[in-house]
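S.K.: Have a look at this one before I ask anything.
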Amino acid sequence: WRIADESRRITRLGEGAHSTGVLQPAAIERTLAALAEFAERARRAGAERLFAVATSAVREAANQQEFLQAAAQRCQVDVQVIDAQEEARLTLAGVQRGVGCVEGESLIFDIGGGSTEFTLARGEQTVASVSCRLGVVTLTERYLKRAPVVANEFAELAAAIDADLDAVERRVKQQGAAALIGTAGTITT
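Next comes the structure, spelled out in structure tokens:
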């Protein structure tokens with residue numbers, strides 16, 4: 002593999018979806034514009050096949066098909082909606098490609114807009130994987146109504162995060178992970 006072109010854009014596709022259950026028109030438009038641009042750049046760089054996936058925002062949206070059809074028509078890209086386990090598997094593969102295979106155990110976490118995935122790996126093998134609703138967009142829309150943040154909203158947010166992380170800890174029993182690896186926009190920022 003070689004990188005021919007590289008770019009990223011955060012489109013906040015799940016913005017407003019927590020409260021409405023549907024992807025919002027402005028968020029769809031931002032995402033399709035980015036997808037069209039990236040598809041064109043990939044084709045100019047010589048890509049013969051394009052592979053695009055959608056995660057929790059599209060997985061949970063009532064208007065999922067509308068978004069997928071628009072992506073196919075406008076961008077000539079078939080977007081595959083993947084489940085949380087496949088998302089975790091692809092994240093692990095990406096981490097291994099980026100930092101190499103970690104000897105022993107590693108706990109990989111991927112903070113997204115709608116969910117966060119935790120993957121416990123032993124070498125190249127997934128030992129356990131958990132997805133929870135700890136996405137930054139979801140949490141912000143659910144708990145933080147004012148800026149600056151007020152104490153009671155922050156306390157509710159912290160309690161919700163603690164409860165979800167307790168559940169993750171019960172399901173992902175690490176034996177003293179050799180490495181803690183974070184990925185995605187929150188971590189790279």
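If you read the sequence shown in the working numbering, its first letter stands for residue 2, the second for the next number, and so on. We treat Cβ as the ideally placed atom computed from N, Cα and C, and that holds for glycine.
Determine whether the beta carbon atoms of G136 and S107 lie at a separation below 8 Å.
M.R.: Their beta carbons are not under 8 Å apart, which means G136 does not touch S107 by this criterion.
S.K.: Could you check the C-alpha separation between Q70 and L36 for me, to the nearest Å?
M.R.: Cα to Cα, the separation comes out at about 13 Å.
S.K.: Sort V100, A94, A43, L33 by Cα distance to T127 and report the nearest one.
M.R.: Among V100, A94, A43, L33, the Cα nearest to that of T127 belongs to A94.
S.K.: For L33, which three-state DSSP category applies?
M.R.: Helix, per DSSP.
S.K.: Measure the C-alpha to C-alpha separation of A55 and Q65 and round it to an integer number of angstroms.
M.R.: C-alpha separation (whole angstroms): 10 Å.
S.K.: Which runs of the alpha helix (DSSP H) at least 4 residues long sit entirely within the stretch 71-155? Give them in chain order.
M.R.: Segments of the alpha helix (DSSP H) lying fully in the stretch 71-155: 85-100, 137-144.
S.K.: Pair every Cβ in the stretch 157-167 with every Cβ in the stretch 77-96, then say whether three or more of these pairs are closer than 8 Å.
M.R.: The stretch 157-167, when compared against the stretch 77-96, does not touch it at the 8 Å Cβ threshold.
S.K.: Alpha carbons only, please: which of E125, I162, G183 is nearest the one belonging to R143?
M.R.: Comparing Cα positions, the closest option is I162.
S.K.: In this structure, how does DSSP classify V54 when only helix, strand and coil are distinguished?
M.R.: It is a strand residue.
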